[in-house]
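**Q**
2 protein chains.
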Amino acid sequence: MDKESGYEAWLRYRPCESEELLGHYRKYFNRVWFRQGLEIMRTAMQELSHGAGIITRCTVRLCDEGWQGAGIAIGLIDDFSELKDLLGNEILGTLPEDGYLMRSIEHEGLPRLVLAARSANGMLYAVFHLLRLMKSVQRLDRLNIAEHPRNALRMINQWDNMDGSIERGYAGRSIFYRDDEFVSDWSRIRDYARLLASVGINAISLNNVNVHERETLLITDELLPKVAQTASIFSAYGLRTYLSINFASPRQIGGLPTADPLDEGVRAWWKERADAIYRHIPDFGGFLVKADSEFRPGPYTYGRNHADGANMLADALEPHGGLVIWRCFVYDCLQDWRDRKPDRARAAYDHYTPLDGRFRENVLLQIKNGPMDFQVREPVSPLFGGLSKTNQMLELQITQEYTGQQKHLCYLPSQWKEIVDFDTFALGEGTSVAQIVSGKAFGRRHGGVAAVSNIGDDQNWTGHLLAQANLYGYGRLSWNMEIGEEEIAWEWTCLTFGKKEKVTDTICCMLLDSWSIYESYTAPLGVGWMVQPNHHYGPSVDGYEYSKWGTYHFADCHGIGVNRTLLTGTGYSAQYPSPQFERYESLQDCPDELLLFFHHVPYTHRLQSGKTVIQHIYDTHYEGAERAEGLVERWKTLEDDIDEGRYRQVLDRLQEQAEHAKEWRDVINTYFLRKSGIQDIHKRPIY
Amino acid sequence: MDKESGYEAWLRYRPCESEELLGHYRKYFNRVWFRQGLEIMRTAMQELSHGAGIITRCTVRLCDEGWQGAGIAIGLIDDFSELKDLLGNEILGTLPEDGYLMRSIEHEGLPRLVLAARSANGMLYAVFHLLRLMKSVQRLDRLNIAEHPRNALRMINQWDNMDGSIERGYAGRSIFYRDDEFVSDWSRIRDYARLLASVGINAISLNNVNVHERETLLITDELLPKVAQTASIFSAYGLRTYLSINFASPRQIGGLPTADPLDEGVRAWWKERADAIYRHIPDFGGFLVKADSEFRPGPYTYGRNHADGANMLADALEPHGGLVIWRCFVYDCLQDWRDRKPDRARAAYDHYTPLDGRFRENVLLQIKNGPMDFQVREPVSPLFGGLSKTNQMLELQITQEYTGQQKHLCYLPSQWKEIVDFDTFALGEGTSVAQIVSGKAFGRRHGGVAAVSNIGDDQNWTGHLLAQANLYGYGRLSWNMEIGEEEIAWEWTCLTFGKKEKVTDTICCMLLDSWSIYESYTAPLGVGWMVQPNHHYGPSVDGYEYSKWGTYHFADCHGIGVNRTLLTGTGYSAQYPSPQFERYESLQDCPDELLLFFHHVPYTHRLQSGKTVIQHIYDTHYEGAERAEGLVERWKTLEDDIDEGRYRQVLDRLQEQAEHAKEWRDVINTYFLRKSGIQDIHKRPIY
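Protein chains in written order, with the UniProt record's numbering: chain A, 1 to 687; chain B, 1 to 687.
1. With distance defined between alpha-carbon atoms, name the residue in A:Y576, A:V363, A:Y331 and A:R338 nearest to A:H351.
2. Do A:P297 and A:F247 have their CB atoms nearer than 8 Å?
3. Use the C-beta contact count for A:P382: other C-beta atoms within 10 angstroms, 16 or more gives buried, fewer gives exposed.
4. I'd like the ranges of any beta strand (DSSP E) spanning at least 3 consecutive residues and lying wholly in the region 181-220 of chain A.
5. Please report the distance separating the alpha-carbon of A:K27 from that of A:D458.
6. Find the residues of chain A that neighbour B:A555, judging by a C-beta separation of less than 8 Å, and give them in chain order.
7. Could you give the C-beta distance for B:I156 and B:S453, rounded to a whole number, given that I count them as a contact under 8 Å?
8. Quick check on B:G23: buried or exposed, where buried means 16 or more other Cβ atoms within 10 Å of its Cβ?
9. Looking at A:G538 and A:M372, is the spacing between their C-beta atoms short of 8 Å?
10. Look at the alpha carbon of A:H446 and the alpha carbon of A:Y402, and state the distance between them as a whole number of angstroms.
11. Apply the 10 Å Cβ neighbour rule to residue 688 of chain A and answer buried if 16 or more other Cβ atoms are within range, or exposed otherwise.
12. Closer than 8 Å, CB to CB, is B:R583 near chain A or not?
13. What are the start and end residues of the alpha helix (DSSP H) that includes A:K368?
14. For B:V137, which of helix, strand or coil comes out of DSSP?
15. Kindly list, in the order they appear in chain B, the residues whose Cβ is closer than 9 Å to that of A:G541.
16. Ignoring anything shorter than 4 residues or poking outside the region 541-617 of chain A, list the alpha helix (DSSP H) runs there in chain order.
17. Can the beta-carbon of B:L409 be found closer than 8 Å to that of B:I398?
18. Excluding sequence positions up to five away, which residues of its chain have a Cβ less than 7 Å from the Cβ of A:F672?
19. Given a threshold of 16 other Cβ atoms within 10 Å of its Cβ, counted over all protein chains shown, does B:K548 qualify as buried or as exposed?
20. What's the call for B:E222, buried or exposed, on a 16-neighbour Cβ count within 10 Å?
21. Kindly identify the DSSP beta-bridge partner or partners of B:N144.
22. Taking A:A9 as the reference, which of A:T424, A:G463 and A:E378 has the closest Cα?
23. Mark B:C508 as exposed unless 16 or more other C-beta atoms lie within 10 angstroms of its C-beta, in which case mark it buried.
24. What is the rounded straight-line gap between the Cα of A:T390 and the Cα of A:L195?
25. Which residue from B:Q649, B:L651, B:Y552 and B:V60 puts its Cα closest to that of B:F341?
26. Just checking: is the beta-carbon of A:Y618 within a distance shorter than 8 Å of some beta-carbon in chain B?
27. State buried or exposed for B:M1, treating a residue as buried only when at least 16 other CB atoms are found within 10 Å of its CB.
28. Hey, is B:D666's beta-carbon within less than 8 Å of any beta-carbon in chain A?
29. Using a Cβ cut-off of 8 Å (strictly closer), state whether B:G53 contacts chain A.
30. Applying a beta-carbon distance threshold of less than 8 Å, which residues of chain A neighbour B:H306?
31. If contact means a Cβ-Cβ distance below 9 Å, which residues of the region 321-352 of chain A contact chain B?
32. Under a three-way DSSP split, which group does A:E482 fall into?
33. Would you please verify whether the beta carbon of B:Y537 is less than 8 Å from any beta carbon of chain E?
34. When burial is assigned at 16 or more other CB atoms within 10 Å of the CB, is A:T7 buried or exposed?
35. In the structure shown, what three-state DSSP assignment does A:G448 receive?
36. Check each candidate in B:T565, B:P111 and B:S520 and name the one with the smallest Cα separation from B:I668.
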């Protein structure tokens with residue numbers, strides 16, 4: 001087999017191997033009618049010609065007159081008004097903005113496939129959907145699909161810096177920037193736009209939320225032409241471009257003495273900048289803002305609150321239809337580790353619930369999934385559901401900062417599904433995070449999901465080839481949070497490696513086991529951290545214990561954990577409504593996997609599993625390292641089924657993971673044996 | 001008082017304030033006869049004119065004919081042959097290379113001062129000595145001094161990189177390099193040469209022992225002209241220039257397929273390079289080599305030993321009189337922390353004693369003071385005295401890598417004196433490290449001392465102004481290891497701040513207390529490390545515990561320490577001859593301050609002091625932080641006695657230290673309370 005790099009990712013098209021199916025497909029692609037018009041439609045045509053051309057080994061014949069004679073007809077809903085009854089009248093009427101229908105019909109005695117969308121974006125998504133079906137070797141004569149995204153905003157956050165580095169990037173350097181300038185070769189950006197659009201992403205922020213000196217200039221006339229050029233690439237794929245801005249810009253680059261959001265000069269400055277941006281980029285999305293967080297400037301400097309800050313920017317963007325996405329990752333990062341009263345986990349809720357209802361309509365609060373910071377395991381942030389009169393967005397992290405840095409396999413949709421399915425009980429039972437962030441629960445106009453990208457200029461995009469599944473999975477989930485993680489894993493594997501049962505079964509199972517494996521050999525029972533400072537890779541149990549970051553486990557020779565109960569602890573548990581509050585508050589009912597997040601317990605405390613905490617630590621770490629070793633063995637069974645290039649690169653990573661899992665196991669187990677003095681009942685080697 | 005920066009350091013001349021003494025001095029400086037000749041003599045004249053000119057507020061009148069009419073006569077010994085009896089015939093005869101006499105005499109009825117030296121360097125040292133006396137407001141009419149250095153080689157190692165960074169530098173950027181080139185303004189280098197020569201330093205290596213890509217080129221014709229230009233500045237002050245070389249140079253820049261030291265092509269390549277270097281720099285000193293150490297290349301790559309490697313370089317330099325200084329900092333830096341059998345402390349001894357007698361005459365082994373790496377407290381390396389047929393050099397670290405990084409006050413001559421006075425018993429009682437490294441003990445031709453510099457381009461050279469005392473003290477000790485640390489502290493304070501009893505008393509006491517203070521709030525009882533990884537600043541008790549660097553304390557809930565005994569441990573103690581071996585081997589006799597370096601003991605073990613280990617930890621950390629606070633208070637008593645510039649900068653550092661000492665105290669105490677579960681008997685706050 002040829003040596004592949006993984007560059008094509010899940011848009012890897014290969015000729016259909018079944019002669020029967022090939023004949024079937026060719027009947028349809030003999031003539032494809034396409035709605036002319038916007039650039040996105042041209043993009044959709046290109047994608048269909050490219051993908052279907054390879055699959056059918058024929059040139060796709062496009063035509064722009066008379067859909068009635070075509071095997072496939074792709075257009076806006078109005079183009080098919082005569083088919084209303086056939087396509088389903090009421091569905092056509094209620095199909096949301098980016099939705100589409102895909103329906104096999106008979107017309108004039110011949111089989112036809114109709115793709116009808118509400119918008120140009122919908123057409124593009126329909127085309128990618130059709131290609132997915134063909135790659136999954138499905139027939140086209142019995143399709144009856146109506147699709148639409150559940151979240152209006154489906155966003156990717158790049159944490160790229162203009163020097164070419166990527167904050168928390170584990171797959172090479174930036175594909176956008178080099179040496180404080182934009183790159184000169186844009187082809188890679190276009191290929192990235194394809195990947196994102198193919199899974200329904202419709203928004204991208206182009207620079208790190210920590211906006212440094214050079215990036216502060218992205219909103220100036222010097223750099224806007226380049227931003228616009230980049231934005232036009234994404235526009236062609238239906239993505240709107242956002243910029244992370246520096247709240248202190250009026251002072252730092254505007255020559256004003258202040259950045260006070262209530263200052264008239266400041267307000268005028270931002271309005272002028274917004275006008276300028278929209279002159280360059282008419283479909284500009286808006287601003288992403290990290291303010292008063294980890295030493296970034298913000299409204300607190302001027303005695304103003306975050307509503308003041310966000311609304312000021314919102315007023316500047318509003319005439320153009322722009323949005324302000326305001327991050328809620330605000331906490332005291334100069335905490336005194338000696339003082340157990342403050343609790344970083346409380347911070348987002350405490351900061352933002354008092355401001356509920358005070359933000360403009362075009363402001364969204366972007367809330368990290370958990371109250372800490374993208375740990376392997378944390379509870380869901382109680383701020384979801386804590387706000388009812390404010391637009392909310394969920395922030396996830398695709399880049400594996402705390403989850404193995406794309407050296408370890410960690411399939412994140414497993415984690416994300418638990419998050420979006422979490423019942424906040426905000427409006428009684430059944431108020432899931434998914435319903436809140438979509439805006440549905442509280443009838444909010446704007447809502448959605450954002451995630452930090454995991455790509456760089458590595459040939460395979462994500463460093464670990466299998467980490468592509470996380471980017472794919474994010475896109476699919478952001479479209480519809482009800483899709484199961486198993487289904488996503490199967491789709492991705494099939495699209496990436498072809499539909500071969502042994503391959504898809506093996507890889508899917510590896511993916512689906514991987515989060516649990518990674519969790520089992522790292523920090524136990526939801527306590528988090530225990531990573532080496534700064535770079536966050538590898539074990540250091542006390543790495544964040546005596547720090548200013550609010551990240552502690554309080555392990556001593558008797559026990560471990562953070563008491564976040566209302567009765568005797570920080571009171572964090574009370575940020576959840578009943579019955580979640582009672583569940584977390586109770587030592588008996590608290591789920592094992594979050595026990596140490598909510599309770600400080602002796603090592604001899606018995607879990608719901610029946611094991612003591614200390615024995616659980618030993619056991620999971622031994623099992624975890626063994627299961628990591630097992631991933632290597634499972635992958636090796638595929639040696640003859642996967643091209644050498646991709647087989648090798650994954651094998652290398654899995655072997656590195658297995659080795660490193662042993663280091664995790666031994667450091668954690670040794671730490672706790674030395675600290676507790678309690679022996680492993682199985683007498684395995686601990687040092 | 002004016003605002004001073006500290007740039008002048010201890011060469012800070014101010015007019016003599018006593019009218020009586022001024023008259024006394026002027027009589028001498030009315031006419032100064034100076035031996036003409038070498039450039040160093042011109043340097044000496046300039047220094048005398050400059051210094052004495054300011055002190056006496058008169059132009060120093062130099063003459064070059066007829067010393068007999070001069071108040072001061074400075075020349076080579078032969079110039080004063082007619083004074084043999086007066087000056088002491090036998091002293092004149094035996095005065096070593098860099099020695100000198102300073103004698104007040106009466107000649108033709110008038111008071112005269114004669115400075116007679118064996119060499120030009122001696123003349124320069126005599127002049128700096130004279131200026132020191134005058135700055136200490138001493139009279140010149142009863143001098144009878146014969147001085148000579150006890151160590152032939154008194155060297156400074158710069159760890160400067162050509163990109164301008166300094167490895168383990170805490171006082172700004174390099175004064176030698178910027179952006180991969182030499183600096184264009186050489187005046188600062190000249191001022192540095194003055195400082196070094198004034199305390200008798202006679203050798204300097206110009207680049208980091210970790211020789212990176214650019215620095216590998218320093219021995220090429222491209223960069224040698226600039227090296228020569230730098231070397232000429234130092235030559236004028238009596239310092240020979242050395243370069244750190246990359247052992248793999250023949251491969252990396254010579255185009256050869258190997259760097260095997262026994263390969264004829266490699267040997268010829270180094271000979272050719274040595275010839276080229278001496279064409280550019282006739283008084284070039286030689287090479288400093290870090291080989292097979294911390295990922296640097298070396299002879300092991302080719303199955304050769306370090307004698308093969310060093311001798312090959314020695315043969316290339318020998319025709320020119322050059323030396324090879326070969327560092328013994330060789331150990332396994334990929335150790336498995338789980339395995340308690342290997343012991344990094346053993347490494348230097350184990351590597352080098354088998355090679356004793358196999359090195360060329362112009363090779364010196366440069367041995368770090370302790371077996372680990374410049375910790376606040378370690379035993380003296382047993383390699384001193386372990387070699388009897390090999391030239392040895394002591395390596396010290398002036399830059400405060402593990403001793404507070406020039407933010408904390410730590411006067412290092414206190415530590416160094418313990419090291420050089422240490423009795424190795426190599427030739428029976430009384431074989432001190434000082435006697436071994438000077439070459440005296442074993443009758444070796446070459447010997448000396450080297451130290452890693454603590455200067456950078458900060459205006460006051462050393463970041464912490466009081467850290468200048470370490471550079472000064474190193475020079476003075478390298479000249480004569482018998483000088484006491486108190487005397488050095490007094491000299492330096494007097495030269496730097498003027499002779500004012502309150503000032504000198506206060507500062508001297510602060511200096512002399514400082515090592516003990518720093519030790520008391522950092523890692524306890526000689527166990528070392530417990531610093532944050534990589535940068536080595538601030539506490540992290542487990543920072544090096546689960547690492548590959550061979551740096552462990554093995555603390556568990558029962559006890560702490562490394563068992564390095566022969567009976568039950570790594571056997572390191574047996575690298576010392578009796579009675580040092582027995583002293584360290586014995587749990588009873590082992591000095592408290594090194595207990596945990598040699599023994600693993602329970603927290604309840606009673607020290608010779610009568611305290612338990614755990615209570616000692618609590619007590620010393622509380623006392624240490626209090627004493628650090630006390631340094632601030634003591635300094636504040638000098639507010640009216642010291643110019644504002646220097647007063648402020650020292651106060652700022654001391655306050656930072658006092659704050660950081662509390663962090664050290666609380667982290668260490670908390671770590672051990674949590675681990676041991678044993679309460680402080682004084683019930684002070686531990687967290």
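Every residue gets a Cβ at the ideal spot worked out from N, C-alpha and C, and that includes glycine.
**A** Looking at the atomic coordinates:
1. The residue labelled residue 351 of chain A in the question sits at position 351 within the first sequence. Looking at the Cα atoms, A:Y331 is the closest of the given residues.
2. Against the first sequence, residue 297 of chain A aligns to sequence position 297. Against the first sequence, residue 247 of chain A aligns to sequence position 247. Yes, Cβ-Cβ distance for A:P297 and A:F247 is below 8 Å.
3. Against the first sequence, residue 382 of chain A aligns to sequence position 382. It counts as buried.
4. 203-205
5. Start at 1 with the first residue of the first sequence, and residue 27 of chain A comes out as number 27. Start at 1 with the first residue of the first sequence, and residue 458 of chain A comes out as number 458. Their Cα atoms are separated by approximately 39 Å.
6. Here residue 555 of chain B refers to the residue found at position 555 when the second sequence is read from its first residue. Ordered by position in chain A, the residues that pass the 8 Å Cβ test against B:A555 are R674.
7. As a first step, residue 156 of chain B must be located in the second sequence, where it is residue number 156. As a first step, residue 453 of chain B must be located in the second sequence, where it is residue number 453. That pair is a contact at about 5 Å.
8. As a position in the second sequence, residue 23 of chain B is number 23, starting the count at 1. Classification for B:G23: exposed.
9. Here residue 372 of chain A corresponds to residue number 372 of the first sequence, with the count starting at 1. Here residue 538 of chain A corresponds to residue number 538 of the first sequence, with the count starting at 1. Cβ distance not < 8 Å, so A:M372 and A:G538 don't count as in contact.
10. Reading the first sequence from its first residue, position 446 is the one you call residue 446 of chain A. Reading the first sequence from its first residue, position 402 is the one you call residue 402 of chain A. The straight-line gap from Cα to Cα measures roughly 30 Å.
11. The structure shown has nothing for residue 688 of chain A, since chain A only spans 1 to 687.
12. Counted from its first residue, the second sequence places residue 583 of chain B at position 583. Output row for B:R583: interface = no.
13. In the first sequence, counting from the first residue as 1, residue 368 of chain A sits at position 368. Segment V363 to K368 is the beta strand (DSSP E) holding A:K368; no alpha helix (DSSP H) there.
14. Taking the second sequence and counting its residues from 1, one reaches residue 137 of chain B at position 137. Note: B:V137 maps to coil in three-state DSSP.
15. Within the first sequence, numbered from 1, the residue matching residue 541 of chain A stands at position 541. The sequence shown places Val at residue 541 of chain A, rather than the Gly named in the question. Going along chain B in sequence order, the residues near A:V541 (Cβ under 9 Å) are D542 and Y546.
16. 580-585 and 595-598
17. Taking the second sequence and counting its residues from 1, the one referred to as residue 409 of chain B is at position 409. Taking the second sequence and counting its residues from 1, the one referred to as residue 398 of chain B is at position 398. Result no, Cβ atoms of B:L409 and B:I398 do not sit closer than 8 Å.
18. Taking the first sequence and counting its residues from 1, the one referred to as residue 672 of chain A is at position 672. So the list reads I614 and I617, once near-sequence residues are dropped.
19. In the second sequence, counting from the first residue as 1, residue 548 of chain B sits at position 548. It is exposed - the Cβ of B:K548 has fewer than 16 other Cβ atoms within 10 Å.
20. On the second sequence, position 222 is the one that residue 222 of chain B refers to. Burial call: exposed.
21. The residue given as residue 144 of chain B occupies position 144 in the second sequence. In DSSP, B:N144 forms a bridge with B:R103.
22. Walking along the first sequence from the start, residue 9 of chain A turns up at place 9. Closest option to A:A9, Cα to Cα, is A:G463.
23. Locating residue 508 of chain B in the second sequence gives position 508, counting from the first residue. Answer is buried; the Cβ neighbour count reaches 16.
24. For the purposes of this step, residue 390 of chain A is taken as the residue at position 390 of the first sequence. For the purposes of this step, residue 195 of chain A is taken as the residue at position 195 of the first sequence. About 31 Å.
25. Position 341 of the second sequence, counted from the first residue, corresponds to residue 341 of chain B. According to the sequence provided, residue 341 of chain B is Lys. The question's Phe does not apply to it. Nearest option by C-alpha distance: B:Y552.
26. For the purposes of this step, residue 618 of chain A is taken as residue 618 along the first sequence, with counting starting at 1. So, not an interface residue.
27. Working through the second sequence from its first residue, we reach residue 1 of chain B at position 1. With a pLDDT of only 44 at B:M1, under the threshold of 50, the placement of this residue in the model should not be trusted, and no figure is reported.
28. For the purposes of this step, residue 666 of chain B is identified with residue 666 of the second sequence, where counting begins at 1. It does: the Cβ of B:D666 has a partner Cβ on chain A nearer than 8 Å.
29. Sequence index remark: in the second sequence, residue 53 of chain B carries index 53 (1-based). So no, B:G53 is outside the interface.
30. For the purposes of this step, residue 306 of chain B is identified with residue 306 of the second sequence, where counting begins at 1. Ordered by position in chain A, no residue passes the 8 Å Cβ test against B:H306, which lies about 32 Å from the chain.
31. W337, R338, D339 and R340
32. Residue numbering aside, residue 482 of chain A sits at position 482 when the first sequence is read from its first letter. Looking at A:E482 - three-state DSSP - the assignment turns out to be coil, as it is neither helix nor strand.
33. In the displayed structure, chain E is absent; the protein chains listed are A and B.
34. The count along the first sequence starts at 1 and reaches residue 7 of chain A at position 7. Checking the sequence, you will find Tyr at residue 7 of chain A rather than Thr. With fewer than 16 Cβ atoms within 10 Å of its Cβ, A:Y7 is classed as exposed.
35. In the first sequence, residue 448 of chain A corresponds to position 448, counting from 1. Here A:G448 sits in strand by DSSP.
36. Along the second sequence, read from residue 1 onward, the residue named residue 668 of chain B stands at position 668. With distances taken between Cα atoms, B:I668 lies closest to B:S520.
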